[in-house]
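Just below is one structure, and these are the notes that go with it.
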């Protein structure tokens, strides 16, 4: 039963279904990468952000990345 939640989360949050290859080795790599990313994400949430869901954590990381990209592109800090 727990495996179903892992697969669901990997599909929704780490791009488990995004690969287009048919090569077995590349598919294995993509699956392993998706599940590894999900496990790392859950561990970081457990340690540092216990009140966040995986979706909220993914959003937080994306927004942090976007903000740092904009700041580095503009060359100025907003403060």
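Numbering (the numbering used here), first residue to last: 2 to 80. All C-beta atoms in this analysis are idealised placements derived from N, C-alpha and C, irrespective of residue type, glycine included. No experiment lies behind these values; they were computed from the predicted model shown.
In the DSSP assignment, residue 7 falls within the alpha helix (DSSP H) that extends over 3-14. Cβ contact annotation for residue 35 (same chain, cutoff 7 Å, sequence separation greater than five): 11, 15, 16 and 17, in chain order. In the DSSP assignment, residue 29 falls within the alpha helix (DSSP H) that extends over 25-49. Beyond the five residues adjoining it in sequence on each side, residue 45 comes within less than 8 Å, by CB distance, of 58 in the same chain, given in chain order.
DSSP, read as helix, strand or coil, puts residue 77 in coil.
In this structure, the beta-carbon distance from residue 78 to residue 72 falls below 8 Å.
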